[in-house]
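K.L.:
Mind having a look at this structure? Questions to follow.
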Amino acid sequence: MTVRAVHWYEGMFLRPHHFQAAQRFDTHAVQRGAKWDLHYNWGLRSIELDLDALANSRLVIRSLQARLRDGTLVAIPEDGDLDALDLKEAFARERQLTVSLGVPVLHLGKANVADHSGDGARYRLDAQDLEDENTGVNPQSIQVRMLNLRLLLSNQDQAGYELLPIARIEKSARAEATPQLDETYIPPLLACDAWKPLYAGILQQIYDRIGKKSKLLADQVVSRAISFDSLAQGDPQIFAQLRELNEAYAVLGTLVFAQGIHPFPAYLELSRIVGQLAIFGATRRPPELPRYDHDDLGGCFYRAKQYIDDLLNIVREPEYTQRPFIGAGLRMEVAMESKWLEPNWQMYVGVQSPLNSEECIRLLTKPGQLDMKIGSSDRVDKIFQLGQAGLRVVYQPLPPRALPSMPGLIFFQVSRES
């Protein structure tokens, strides 16, 4: 259908056709401009789906805001209600169905307005009592058009409808096989925050995991006094990883929590993170990421998240586990983990003190001073009272590189032989 501007050359013989043609042209111009500004400009802006009704095999949409591919704007309940769908019959034959919002296509030369919503007309008639907005009085009954909205399943005839997929429903794995939302599917969106599995299940999870990794690496850099000039084994890699994670974390901190962010820049940022971290992978090159597909956002975002998770697994975490001693009467206690007793683990006691190392060692180990004793909680009191040796501890002037390093911190190795 070609849309042209009305040639306004007379005003005495106006017909509905003039106004309809003018309205079509204005609508078409706005939609074309919006498409030129942002190509991927169709999808959901918000949706509230009743999950309790879904578990009862009924599809109920409480509210929805969307733009269809042809530019039609839809707001529920402002523009009308969507009749609930009974899913029992559909799922008697299917295990998975895609649900679409449907609006009949406008057909010139055919009736496009109906008194009810049962046929394929694009609009249905309604009446509203409207006052003169200048005076606030003189109400008149005005006929208005409302979009003839429907929910359509992928196994139904969809010919003649402008469609927007809004969800994918599947049978659950439970014995009763009730319908549930397929969270691996992400419909076309106008904003990431329109779909919780995307903004919470993917974007926020990536942000939180990168933040945790960044903090662990930063703690290592600070505790080991790693600098730009450090050349010890592993230090340059830790520094490089921290630099990339800090940059990604700062950008995601703005992108993930801002409202109305379109999926494309979000996917672009995840792709950039994959490229940044790929140098630490086995091939040193980025994997083949899916091309951005606005109609298959799940295929894009879940693959990017998988790659980021795999690359984050490579990021080195501290090679030690730390537990603080807690005061208990006249002694200090720490709860041990069973894995610490395995042969491949070494145990150290770290002591932070303002004293120099010689004074601290003498204070802790010499008889007549604190005379530190280490043993199990049920024996340590007896060990101290009888002057027994307990577990042997040896001062380590050069502790393993993995342990933190800072002024006033010294380490004693707990011998397994004692």
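Under the working numbering, the first residue of the sequence shown carries the number 230, and numbering increases by one thereafter. All C-beta atoms, glycine included, are put in the ideal place defined by N, C-alpha and C. It should be emphasised that the depicted structure is a prediction, and the values quoted were computed from it without experimental measurement.
#1: Out of curiosity, what's the CA-to-CA distance linking residue 354 and residue 422?
#2: Would you kindly report the start and end of the unbroken alpha helix (DSSP H) that includes residue 496?
#3: Beta-carbon within less than 7 Å of residue 447's beta-carbon, same chain only, minus the 5 sequence neighbours each way: which residues are those?
#4: Of all the CB atoms in chain B, is at least one closer than 8 Å to the CB of residue 537?
#5: Out of 432, 510, 519, point me to the one whose CA is closest to residue 482's CA.
#6: Check whether the segment 409-423 and the segment 519-526 touch, using three or more Cβ-Cβ pairs below 8 Å as the test.
#7: Starting from the Cα of residue 449, find the closest Cα among 634, 308, 250 and give me that residue.
#8: In whole angstroms, what separates the C-alpha of residue 304 from that of residue 296?
#9: Cβ atoms of residue 643 and residue 549: under 8 Å apart, would you say?
#10: Under 8 Å: do the segment 349-364 and the segment 278-298 share three or more Cβ pairs, one atom per stretch?
#11: Is the Cβ-Cβ distance between residue 253 and residue 419 less than 8 Å?
#12: Identify which residue in 555, 591, 495, 514 has its Cα closest to the Cα of residue 530.
#13: Whether or not the segment 332-339 and the segment 308-319 are in contact is what I'm after, with contact meaning three or more pairs of Cβ atoms, one per stretch, closer than 8 Å; do they touch?
#14: Just curious, the alpha helix (DSSP H) that residue 480 is in, first and last residue?
#15: Report yes or no: do the segment 498-515 and the segment 530-545 share at least 3 C-beta pairs separated by less than 8 Å?
#16: Return the CA-CA distance between residue 283 and residue 268, expressed in angstroms with no decimal places.
#17: Does any heavy atom of the ligand GTP sit closer than 7 Å to the C-beta of residue 562?
#18: Here's the rule I'm using: 16 or more other beta-carbon atoms within 10 Å means buried, otherwise exposed. How should residue 512 be labelled?
#19: Could you work out which residue in 390, 614, 584 is closest to residue 596 when comparing CA atoms only?
#20: Grouping DSSP H, G and I as helix and E and B as strand, with all else coil, what is residue 400?
#21: Look up residue 356 in the DSSP assignment and give the residues it is bridged to.
#22: Which class does residue 603 belong to by DSSP, given the choice of helix, strand or coil?
#23: To test your reading of the DSSP string, which unbroken alpha helix (DSSP H) runs of 4 or more residues are found completely within the segment 518-543?
#24: First and last residue of the beta strand (DSSP E) that includes residue 563?
P.N.:
Taking the definition as stated:
#1: Whole-angstrom Cα-Cα distance: 34 Å.
#2: Residues 492-506.
#3: The residues are 471.
#4: Going by chain labels, chain B is absent from the structure shown, which holds only one protein chain.
#5: Of 432, 510, 519, the residue nearest in Cα terms is 432.
#6: Output reads yes: the segment 519-526 touches the segment 409-423.
#7: Nearest neighbour of residue 449 by Cα position, chosen from 634, 308, 250, turns out to be 634.
#8: Whole-angstrom Cα-Cα distance: 9 Å.
#9: Contact: no.
#10: No: fewer than three Cβ pairs fall under 8 Å.
#11: Pairing residue 253 with residue 419 gives a Cβ-Cβ distance that is not under 8 Å.
#12: Considering only alpha carbons, the answer is 495.
#13: No, the segment 308-319 does not touch the segment 332-339.
#14: Looking at the DSSP string, the run of the alpha helix (DSSP H) that includes residue 480 is 464-484.
#15: They touch, by the three-pair rule.
#16: Computed Cα separation, rounded: 33 Å.
#17: You won't find the ligand GTP in this model; it holds no ligand whatsoever.
#18: Note on residue 512: under 16 other CB atoms within 10 angstroms of its CB, so exposed under the neighbour-count rule.
#19: Relative to the Cα of residue 596, the nearest Cα in the group 390, 614, 584 belongs to 614.
#20: Here residue 400 sits in strand by DSSP.
#21: According to DSSP, residue 356 bridges with 372.
#22: It is coil, neither helix nor strand.
#23: As far as the segment 518-543 is concerned, its whole alpha helix (DSSP H) runs of at least 4 residues are 526-543.
#24: From DSSP, residue 563 is part of no beta strand (DSSP E); its letter is neither H nor E.
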